[in-house]
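**Student:**
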Amino acid sequence: MKTNDTRRRTMILAVVSAALIMSAAMGTRQTFGLFLGPFSYDRGVPVTLVAFAIALHNLAWGLAQPFAGAAADRHGALPVIGFGALAYAGGLALSALVASDAALVLGMGLLVGIGISCTSFGVVMTAIGKMAPPETRSMAMGLASAGGSLGQVLLVPVVQSVTASGGMAWSLLVLAAVILAAAPLGFFLRRDEPVPPQSSAGPPLGAILAQAARHRGYRLLTVGFFACGFQLAFIATHLPGYLSLCHMPVGLGAMALALIGLFNMAGSWGCGWLGGRFAQGPVLGWLYLIRGAAITTFVALPKSEISVVIFAAIMGLTWLGTVPLTSGLVARIFGVQHLGALFGLCFLSHQIGSFLGAWLGGLVLDLTGSYSLIWAATAASGLVAALLHFPIGNTPAGLARPVQA
Numbered sequence: 096m097k098t099n100d101t102r103r104r105t106m107i108l109a110v111v112s113a114a115l116i117m118s119a120a121m122g123t124r125q126t127f128g129l130f131l132g133p134f135s136y137d138r139g140v141p142v143t144l145v146a147f148a149i150a151l152h153n154l155a156w157g158l159a160q161p162f163a164g165a166a167a168d169r170h171g172a173l174p175v176i177g178f179g180a181l182a183y184a185g186g187l188a189l190s191a192l193v194a195s196d197a198a199l200v201l202g203m204g205l206l207v208g209i210g211i212s213c214t215s216f217g218v219v220m221t222a223i224g225k226m227a228p229p230e231t232r233s234m235a236m237g238l239a240s241a242g243g244s245l246g247q248v249l250l251v252p253v254v255q256s257v258t259a260s261g262g263m264a265w266s267l268l269v270l271a272a273v274i275l276a277a278a279p280l281g282f283f284l285r286r287d288e289p290v291p292p293q294s295s296a297g298p299p300l301g302a303i304l305a306q307a308a309r310h311r312g313y314r315l316l317t318v319g320f321f322a323c324g325f326q327l328a329f330i331a332t333h334l335p336g337y338l339s340l341c342h343m344p345v346g347l348g349a350m351a352l353a354l355i356g357l358f359n360m361a362g363s364w365g366c367g368w369l370g371g372r373f374a375q376g377p378v379l380g381w382l383y384l385i386r387g388a389a390i391t392t393f394v395a396l397p398k399s400e401i402s403v404v405i406f407a408a409i410m411g412l413t414w415l416g417t418v419p420l421t422s423g424l425v426a427r428i429f430g431v432q433h434l435g436a437l438f439g440l441c442f443l444s445h446q447i448g449s450f451l452g453a454w455l456g457g458l459v460l461d462l463t464g465s466y467s468l469i470w471a472a473t474a475a476s477g478l479v480a481a482l483l484h485f486p487i488g489n490t491p492a493g494l495a496r497p498v499q500a
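Adding 95 to a residue's 1-based position in the sequence shown gives its number in the working numbering.
(1) What's the call for P419, buried or exposed, on a 16-neighbour Cβ count within 10 Å?
(2) Please report how far the alpha carbon of L357 lies from the alpha carbon of L199, in whole angstroms.
(3) With burial defined as no fewer than 16 other Cβ atoms inside 10 Å of the residue's Cβ, what is the status of R311: buried or exposed?
(4) Using a 10 Å radius around the Cβ and a threshold of 16 neighbouring Cβ atoms, would you call D168 buried or exposed?
(5) In terms of residue numbering, what span does the alpha helix (DSSP H) encompassing S118 cover?
(6) Can you tell me which of V378, R124, L158, A148 puts its alpha carbon nearest to the alpha carbon of V248?
(7) Report yes if the C-beta distance between S118 and G208 is below 8 Å; otherwise report no.
(8) So, with DSSP's three-state summary, where would you put K398?
(9) So, V142 versus D196, is the Cβ gap smaller than 8 Å?
(10) By the 10 Å Cβ neighbour count, where 16 or more other Cβ atoms means buried, how is H170 classified, buried or exposed?
(11) Are the CB atoms of W470 and I516 within a distance shorter than 8 Å?
(12) Going by DSSP, what residue range makes up the alpha helix (DSSP H) through V207?
(13) Beta-carbon within less than 6 Å of G128's beta-carbon, same chain only, minus the 5 sequence neighbours each way: which residues are those?
(14) Whole angstroms are fine: how far does the CA of A307 sit from the CA of R496?
(15) Is A184 near I116, with beta carbons less than 8 Å apart?
(16) By alpha-carbon positions, which one of G346, F321, A278 ends up nearest to G448?
(17) Within the continuous alpha helix (DSSP H) that includes C441, where are the two ends?
(18) Could you check what DSSP says for F134 in three-state terms: helix, strand or coil?
(19) Please classify Q293: is it buried, with 16 or more other beta-carbons within 10 angstroms of its beta-carbon, or exposed?
(20) If you measure from the beta carbon of I274 to each beta carbon in chain D, is any gap under 8 Å?
(21) Please identify the residue among Y383, P161, M121, L300 whose C-alpha is closest to the C-alpha of V251.
(22) Evaluate V403 with the Cβ neighbour count: other Cβ atoms within 10 Å of its Cβ, from every protein chain shown; 16 or more gives buried, anything less gives exposed.
(23) What number of angstroms, rounded off, separates the C-alpha of R285 from the C-alpha of W156?
(24) Considering just the uninterrupted stretch of the alpha helix (DSSP H) at Y183, what are its terminal residues?
(25) So, with DSSP's three-state summary, where would you put T490?
(26) Considering only C-alpha positions, which residue in the set A194, G186, F485 is nearest to Y136?
(27) Please state whether DSSP places L482 in a helix, a strand or coil.
(28) Going by beta carbon distance, what residues of the same chain come within less than 6 Å of G202, once the five residues before and after it are set aside?
(29) Please identify the residue among G411, G164, R138, L181 whose C-alpha is closest to the C-alpha of L192.
(30) With a threshold of 16 other CB atoms inside 10 Å of the CB of P289, please say whether the residue is buried or exposed.
(31) Would you please state the rounded distance, in angstroms, between the beta carbons of A328 and A148? I believe it to be under 8 Å.
(32) Rounding to the nearest angstrom, what Cα-Cα distance links W364 and V219 in this structure?
(33) Mark S256 as exposed unless 16 or more other C-beta atoms lie within 10 angstroms of its C-beta, in which case mark it buried.
(34) Taking all protein chains shown into account, decide if V431 is buried (16 or more other Cβ within 10 angstroms of its Cβ) or exposed.
(35) Could you tell me the distance, in whole angstroms, from the CA atom of G488 to the CA atom of A227?
(36) Output yes or no for whether 8 Å exceeds the beta carbon distance between G324 and H152.
Take a look at the structure:
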């Protein structure tokens, strides 16, 4: 049996490892908006196609996430993370070395999407959720998510610098190397206690999925998560281009993305702390309201470097705080046995929103020459998500009693 000190050290090492893996995976993804211009200007790829490839990786991520989560539930996080790192790095390398539209869509679209489904929230965060005791689960997941933002802070300026000195292809290859270097840390995301047989561990996956489909709170959570993906993907992909259209200084877009990552460290930790002390549904509702208000104010007011910095700071504070709150709420309602699969299905809605946010941003710009319509939709989605999340409770759902529809 482990002593309390040993368990504490194991948990700290797991949280640090999870943060570093997600720093590599999510930090790399958050740089993709910086490649819109280089792919368009250097290789003559239409902005709409680049935006589609980035959008496709979000959709592929969402479609693969339930399977990646279920595989991690069954086999553990390490082999899933290893497979995902190879797919992720392979997709980046393919996009860097093969100058064709098909390679871009296959690499940055399909392979990166599959890879990130295995190296981010649905596998890494749920591993932390299973390892942490219930009383500290929300905080542990918040800390892992906060540390995972370090990659966005560090990798955005690295990509900008490498692209300026060596070109876009070298930047993509550097990112591929970062992903591969982080993968072995999955070794520390293991539960040393043996997993009980399925017959004594609790309800089978099929019964839990049927229960979740009937659960009103889970349905609201899943639908509301769409807005989060829509907002984040649009901003991460198109904010640099939008600021260029506003005649803002060169490099301000990269700085804004890095600031979002920096403030997200505090925001994710804070949301994890709040989720351990208050009902997660209303906390999520307030988070979406703040986000929608920030977007509305930013678009309506004249643009300046100060307004961009303030907007990036507010968005960062609310950026990925949804993840520990959402996954923690799923764990509280349904337990942790099938957390990877349940969160993966919920996350699919998030990624459908991400696909539309990234792709429609490019499409609307090409059709209208402006981002105005998509900014309005992004702000409105925050209000809708808030209204969906406020009624969600956190009472555990038991198969022994009927689930409220």
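Ideal placement from N, C-alpha and C gives every residue a C-beta, glycine not left out.
**Tutor:** Let's see:
(1) It counts as buried.
(2) Distance from the CA atom of L357 to the CA atom of L199, rounded to whole angstroms, is 29 Å.
(3) With fewer than 16 other Cβ atoms inside 10 Å of its own Cβ, R311 counts as exposed.
(4) The residue is buried, with at least 16 neighbouring Cβ atoms inside 10 Å.
(5) First-last of the alpha helix (DSSP H) with S118: 99-124.
(6) Taking only the C-alpha atoms, the option nearest V248 is R124.
(7) Between S118 and G208, the C-beta spacing is not below 8 Å.
(8) Correct three-state label for K398: coil.
(9) Not a contact, by the Cβ cut-off of 8 Å.
(10) Exposed, because fewer than 16 other Cβ atoms sit within 10 Å of the Cβ of H170.
(11) No answer is possible for residue 516: the residues shown for the chain start at 96 and end at 500.
(12) Counting along the chain, the alpha helix (DSSP H) containing V207 begins and ends at 207-214.
(13) Leaving aside the five residues that flank G128 on each side, the residues in its chain whose CB is nearer than 6 Å to its CB run, in chain order, A331, T332, P335.
(14) Because R496 sits at a pLDDT of 43, beneath the cut-off of 50, its placement in the model cannot be relied upon, and the point is left open.
(15) No; because the gap between Cβ atoms is not below 8 Å, this pair is not in contact.
(16) G448 has its Cα closest to that of F321, out of G346, F321, A278.
(17) That run of the alpha helix (DSSP H) goes 434-463.
(18) Helix, per DSSP.
(19) Residue confidence is low: Q293 scores 43 on pLDDT, short of 50, so the model does not pin down where it sits. No coordinate-derived value is stated.
(20) This model lacks chain D altogether; it includes just one protein chain.
(21) With respect to the C-alpha of V251, the residue from Y383, P161, M121, L300 having the closest C-alpha is M121.
(22) It counts as buried.
(23) Put simply, the backbone Cα of R285 is about 23 Å away from that of W156.
(24) Looking at the DSSP string, the run of the alpha helix (DSSP H) that includes Y183 is 172-192.
(25) Here T490 carries a coil assignment [DSSP, helix/strand/coil].
(26) Looking at the Cα atoms, A194 is the closest of the given residues.
(27) In the three-state DSSP reduction, L482 falls in the helix class (H, G or I).
(28) Closer than 6 Å at Cβ, skipping near neighbours: G186, L189, S190.
(29) Shortest Cα-Cα distance from L192 to any of G411, G164, R138, L181 involves R138.
(30) Residue confidence is low: P289 scores 43 on pLDDT, short of 50, so the model does not pin down where it sits. Its coordinate-derived value is still stated next. Counting C-beta atoms within 10 angstroms of its own C-beta, P289 has fewer than 16 neighbours from the protein chains shown and is therefore classed as exposed.
(31) Contact between A328 and A148 does not hold, since the beta-carbon distance rounds to 13 Å and is not under 8 Å.
(32) Near 16 Å, if we compare the C-alpha coordinates of V219 and W364.
(33) S256 is exposed by the Cβ-count criterion.
(34) Result: buried.
(35) Whole-angstrom Cα-Cα distance: 22 Å.
(36) Cβ atoms of G324 and H152: not closer than 8 Å.
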